[in-house]
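Down below is the structure, laid out as structure tokens.
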Amino acid sequence: MSTPTTSTSAPLAGKVAIVTGASRGIGAAIALRLARDGAKVAITFASSPAKADAVVSEIAAFGGTAIALKADAGDTAAVAQAVADTVATFGGVDILVNNAGVSIGGAIQDVKLEDFERVLAVNVKGVFVATQESLRHMKDGGRIINIGSTMTEYAAFPTASVYTLTKGAVAGFTRGLVRDLGPRGITVNNVLPGPTDTDMNPADGPVADIVRPGIAVQRYGKGQDIAGMVAYLARPEASFITGAHIVVDGGFTA
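Residue numbers are given in this note's numbering: position 138 of the sequence shown equals residue 1327, and the series is strictly consecutive.
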């Protein structure tokens, strides 16, 4: 049974976090963990209001505070408004987790331009806008945590080149931001999940039999596995970790 968060067990007490794309999967797990650690959490969602409300209700059930905001990560105006609404509700932004992402498969010569532009809008432009808008309100010592992919380290299967391209852009953006924001004590890190059981890449999905034999711990990751690393990076003791690309993949790329 969940226990209420207390001041003595809440390393993120007094902090405000935004987690994009957090109505399910890795994003939901991150939102729940940050709330358990004491942060007030704003989660964004594109098309699953019931699931987003369920995450907010679960957080409220253990004494946490959260709101759900409809904001497709590919809609720059909606992303900017979600940040503004978070600030209006909670008074600022201390932690931004750029989690929202989409993927398309298929041979590169068959990818439609409009599909490519959609992935680019969500995975790259959405990250840029959420970061830019959050920084307008983020105090010194804040945290930006991007969710990348081990596909940029090891392309385990074909047909994912567009997704990998966008996650490579996120890796480069992370490195650049480190130099921009270091003087303010704002850390920027990139967490690279390996095969993780989500709607995008289910443990029983079409590529599971290809990738599972390469996972050293012999199982797909869970959202909580990624959330644990994000939660650590958000804590005060992680203030000297910035510019890191941290693989969380059960040994998949070892």
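Glycine included, every Cβ here is placed at the ideal spot set by N, Cα and C.
Q.
Taking the alpha carbon of Ala-1296 as the reference point, which residue from Ser-1350, Gly-1290, Val-1308, Asn-1312 has its own alpha carbon closest?
A. Here the question's residue 1296 lines up with position 107 in the sequence shown. When only C-alpha atoms are compared, the closest one is Ser-1350.
### Task
Name the one or two DSSP bridge partners that Leu-1258 has.
In the sequence shown, the residue the question calls residue 1258 occupies position 69. Thr-1233.
- Task: Could you check if Ser-1338 is buried or exposed, using at least 16 other CB atoms within 10 Å of its CB as the buried criterion?
- Result: Here residue 1338 is taken as the residue at index 149 of the sequence shown, counted from 1. By the 10 Å Cβ count, Ser-1338 comes out buried.
Check: Can you find at least 3 beta carbon pairs, one from the stretch 1214–1234 and one from the stretch 1259–1268, that sit closer than 8 Å?
Finding: Contact between the stretch 1214–1234 and the stretch 1259–1268 is established, with three or more Cβ pairs separated by less than 8 Å.
Pick out whichever of Gly-1330, Val-1311, Met-1389 has its Cα sitting closest to the Cα of Leu-1354. Numbered from 1 along the sequence shown, position 165 holds the residue referred to as residue 1354. Leu-1354 has its Cα closest to that of Val-1311, out of Gly-1330, Val-1311, Met-1389.
Who does Ala-1206 pair with in a DSSP beta bridge?
-> Residue 1206 sits at position 17 when you count from the first residue of the sequence shown. Bridge partners of Ala-1206 according to DSSP: Val-1230, Ile-1284.
Measuring alpha carbon to alpha carbon, tell me which of Ile-1334, Arg-1368, Ala-1271, Pro-1384 ends up nearest Ala-1345.
Position 156 of the sequence shown, counted from the first residue, corresponds to residue 1345. For Ala-1345, the nearest C-alpha among the options comes from Pro-1384.
Roughly how many angstroms separate the alpha carbons of Thr-1194 and Gly-1203, rounded to a whole number? Position 5 of the sequence shown holds residue 1194. Position 14 of the sequence shown holds residue 1203. The predicted position of Thr-1194 is uncertain, since its pLDDT is 43 and thus under 50; no value can be drawn from it.
Next item on the list: Could you tell me the distance, in whole angstroms, from the CA atom of Ala-1249 to the CA atom of Asp-1299?
Entry: Taking the sequence shown and counting its residues from 1, the one referred to as residue 1249 is at position 60. Taking the sequence shown and counting its residues from 1, the one referred to as residue 1299 is at position 110. Approximately 45 Å, taken between the alpha carbons.
**Prompt:** Leaving out the 5 sequence neighbours to the left and right, which residues in its chain are closer than 6 Å to Val-1313 when beta-carbon positions are compared?
**Reply:** For the purposes of this step, residue 1313 is taken as residue 124 along the sequence shown, with counting starting at 1. So the list reads Thr-1355, Ala-1358, once near-sequence residues are dropped.
For the candidate residues Phe-1305, Gly-1315, Asn-1288, Ala-1416, whose alpha-carbon lies nearest to that of Ala-1267?
For the purposes of this step, residue 1267 is identified with residue 78 of the sequence shown, where counting begins at 1. Between Ala-1267 and the set Phe-1305, Gly-1315, Asn-1288, Ala-1416, the nearest pair of CA atoms involves Gly-1315.
- Task: Can you tell me which of the three DSSP states Thr-1275 falls into?
- Result: Walking along the sequence shown from the start, residue 1275 turns up at place 86. In the structure shown, Thr-1275 sits in a helix (DSSP, three-state: H, G or I).
Since Ile-1375 contacts Ile-1333 with CB under 8 Å, what's their CB separation in whole angstroms?
-> In the sequence shown, the residue the question calls residue 1375 occupies position 186. In the sequence shown, the residue the question calls residue 1333 occupies position 144. About 7 Å; that satisfies the 8 Å criterion.
Continuous beta strand (DSSP E) stretch holding Pro-1391: start and end: By one-based count along the sequence shown, residue 1391 stands at place 202. Per DSSP, Pro-1391 lies in no beta strand (DSSP E) segment and is marked neither H nor E.
key: Exposure label - Ile-1207; buried when at least 16 CB within 10 Å   = Locating residue 1207 in the sequence shown gives position 18, counting from the first residue. Burial call: buried.
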